[in-house]
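Numbering (the numbering used here), first residue to last: 14 to 114. Worksheet for the structure shown next.
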Amino acid sequence: MTPRPGAPRGRWANAGDLVAAFQRRASPPDRLAILSSVWEKECGAFARHWELVGVKKGTLYVRPKSSAAAQELHMRSEGLVKSLNKYFSRPWILAVRTTYR
């Protein structure tokens, strides 16, 4: 909804104008905050063995605690990508990679 043409800038003619002005100023939810909050829920017991490092260009970087945990992450990566992307309006995570840094 756009403000009425005759309304002065910064003033609202009705509640719809106020809501539209607020929505333009409000930032979208922080995707990393959402990801970190659902990480443990989606990983289940494996969350103890996988540390979420970050996301860069659609790739989720995870630090496994052992080689067995890295192998398990590799096998479950496709399902993990699908289950994490359901929390976002558009698919954000494209791949999962391990990192040891």
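Glycine included, C-beta positions come from ideal geometry on N, C-alpha and C. Here the structure is a predicted model, which is why all the values come from computation and not from measurement.
By the neighbour-count criterion, in which 16 or more other beta carbons inside 10 Å mark a residue as buried, Leu48 falls on the buried side. Scanning its chain for C-beta atoms nearer than 7 Å, with the 5 sequence neighbours on each side dropped, one finds around Val109 the residues Leu73, Val75, Leu86, Ser90, Leu93, Val94, in chain order.
Rounded to the nearest angstrom, the Cβ distance from Glu64 to Leu97 is 15 Å, too far for a contact under 8 Å. As summarised for the stretch 48 to 77, the continuous beta strand (DSSP E) elements at least 3 residues long and confined to that stretch are 63 to 69, 72 to 77, given in chain order. Non-local beta-carbon contacts of Asp43 in its own chain, meaning distances under 8 Å to residues more than five positions away in sequence, are absent.
Each of Arg114, Ser102, Ala82, Tyr100 was checked against the Cα of Ala58, and the nearest Cα belongs to Ala82. Nearest to Gly71 by C-alpha distance, out of Glu53, Pro104, Asn27, is Pro104. The C-alpha of Leu107 is placed about 12 Å away from the C-alpha of Phe101.
Distance between Gln84 and Tyr113, taken at the CA atoms: about 14 Å. In this structure, the CA atom of Ser79 is about 11 Å from the CA atom of Thr111.
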